[in-house]
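Right, one structure below, let's go through it.
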Amino acid sequence: MAMSYVLARGRTLRPGVYGIDGSELPPFESGRVDPRQWFDDGCRPLEIEIGAGKGTFLVQQAPKRPEVNYLGIEKSSDLYRYAADRMRRRRIDNVRILRTDAAEFVRFWCRGGVARVIHLYFSDPWPKKRHHKRRVIQDQTMIEIHRVLCPGGELRLVTDHADLWAWYEDHAARHASFFERRRFVCPEAAGEGEIVGTNFERKYRAEGRPFFSMTLVRGGDEVRRTD
Ligand SMILES: C[S@@+](CC[C@H](N)C(=O)[O-])C[C@H]1O[C@@H](n2cnc3c(N)ncnc32)[C@H](O)[C@@H]1O
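The numbering used here runs 7 ahead of the 1-based position in the sequence shown.
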């Protein structure tokens, strides 16, 4: 049975204005896009969630922070449709879901200095060495995230996977001149005893897995330029 059918439970999923399909992005040659323009009030601060899955973090977080706009990026088309439909049905107007590869979006499309926070929770660990290049966090992604964040903006990372955590620590150390490492502070979405409150966190918590977290604050502006 197709994943979309199972997710939709027989309903027709309609992303409406809450969904932006990556194929609708302007051609690369026409310049970078400013995702703030996809919201009713583009003047609000923007936070981006990479790998939004079913949109559970955003469903919980966005209504608690109506003064903030949230862009969820999800590369699976089925999950994108499910998450955007979920926002439409609940009329969570400060959320948009973009279906695309987030690493490519930050690298090739997204204008610099637009995001106050980038959330990356329970990202796919790709445990085999030959698949490490598929992990979202790479040296190039760190450079692009630094560019896309506004000064003082934050990259927030949580994982259950010890090897991916070591990878994050290595990247944080290598990019220490550009990001200051701080303690992770739980967002409003987190329920009692939770760290963030995503689907994968709940699944892994039930299995008793440990969690690792950090916040990297954008600094180093004197040495790296924002366009
Ligand atoms: C393990 S799931 C975690 C989902 C959610 N963050 C959670 O904690 O429940 C990882 C999600 O990231 C998405 N994903 C992986 N790589 C991505 C990329 N490069 N761009 C956008 N989404 C990505 C996957 O499709 C999947 O939905």
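Cβ atoms here follow ideal geometry from the backbone N, Cα and C, with glycine treated the same way.
What is the DSSP secondary structure of residue i, reduced to helix, strand or coil?
{"i": "L20", "result": "coil"}
{"i": "A122", "result": "strand"}
{"i": "V165", "result": "strand"}
{"i": "P70", "result": "helix"}
{"i": "S65", "result": "One detail in the question is off: residue 65 reads as Leu in this sequence, not Ser. In this structure, L65 counts as helix in the three-state DSSP scheme."}
{"i": "L156", "result": "strand"}
{"i": "L127", "result": "strand"}
{"i": "D146", "result": "helix"}
{"i": "K135", "result": "coil"}
{"i": "D177", "result": "helix"}
{"i": "R51", "result": "coil"}
{"i": "E111", "result": "helix"}
{"i": "R35", "result": "The amino acid at residue 35 is misidentified as Arg; the sequence shows Phe. Three-state result, F35: helix."}
{"i": "V192", "result": "coil"}
{"i": "A3", "result": "Residue 3 cannot be examined here, being either before or after the span of the chain that is shown, 8 to 234."}
{"i": "E151", "result": "helix"}
Which one or two residues does DSSP pair with residue i in a beta bridge?
{"i": "G79", "result": "E56, I104"}
{"i": "F219", "result": "T166"}
{"i": "C117", "result": "V40"}
{"i": "R225", "result": "F186"}
Comparing C-alpha positions only, which one of the options sits nearest to residue i?
{"i": "R51", "options": "F64, F35, Y12, L78", "result": "L78"}
{"i": "A69", "options": "L86, S83, R98, D85", "result": "R98"}
{"i": "A177", "options": "P22, Q44, I144, I125", "result": "Before going further, note that residue 177 is Asp rather than Ala in the sequence given. Ranking the options by Cα distance to D177, first place goes to I144."}
{"i": "S184", "options": "V224, E208, P194, R93", "result": "V224"}
{"i": "A122", "options": "A110, R188, P158", "result": "P158"}
{"i": "P33", "options": "F112, H182, R209", "result": "F112"}
{"i": "T148", "options": "K135, R137, R181, H168", "result": "R181"}
Among the residues of its own chain, which have a CB less than 7 Å from the CB of residue i, if the five just before and after it don't count?
{"i": "G198", "result": "G204"}
{"i": "L14", "result": "D85, Y89"}
{"i": "D28", "result": "R106"}
{"i": "D108", "result": "K82"}
{"i": "E151", "result": "V113, R114"}
{"i": "P251", "result": "Residue 251 falls outside the range modelled here, since the chain spans only 8 to 234, and no answer is possible."}
Enumerate in chain order the residues of its own chain whose CB-to-CB distance from residue i is below 6 Å, with the five nearest sequence positions on each side excluded.
{"i": "V40", "result": "W116"}
{"i": "N76", "result": "F46, R51, L53, N101"}
{"i": "G26", "result": "A91, I104"}
{"i": "G58", "result": "S130"}
{"i": "F283", "result": "Any answer about residue 283 is impossible in this case: the structure gives the chain only from 8 up to 234."}
{"i": "Y128", "result": "V165, V203, T205"}
{"i": "H126", "result": "E56, R163"}
{"i": "M10", "result": "D85"}
State the start and end residues of the unbroken alpha helix (DSSP H) segment that holds residue i.
{"i": "I27", "result": "Here I27 belongs to no alpha helix (DSSP H); instead the beta strand (DSSP E) covers 26 to 28."}
{"i": "A90", "result": "84 to 96"}
{"i": "T309", "result": "Residue numbering for the chain in the displayed model covers 8 to 234; residue 309 lies beyond these limits and cannot be assessed."}
Please return the same chain residues whose Cβ sits closer than 8 Å to the Cβ of residue i, not counting the five positions on each side in sequence.
{"i": "R142", "result": "S130, D131, P132, W133, L171, W174"}
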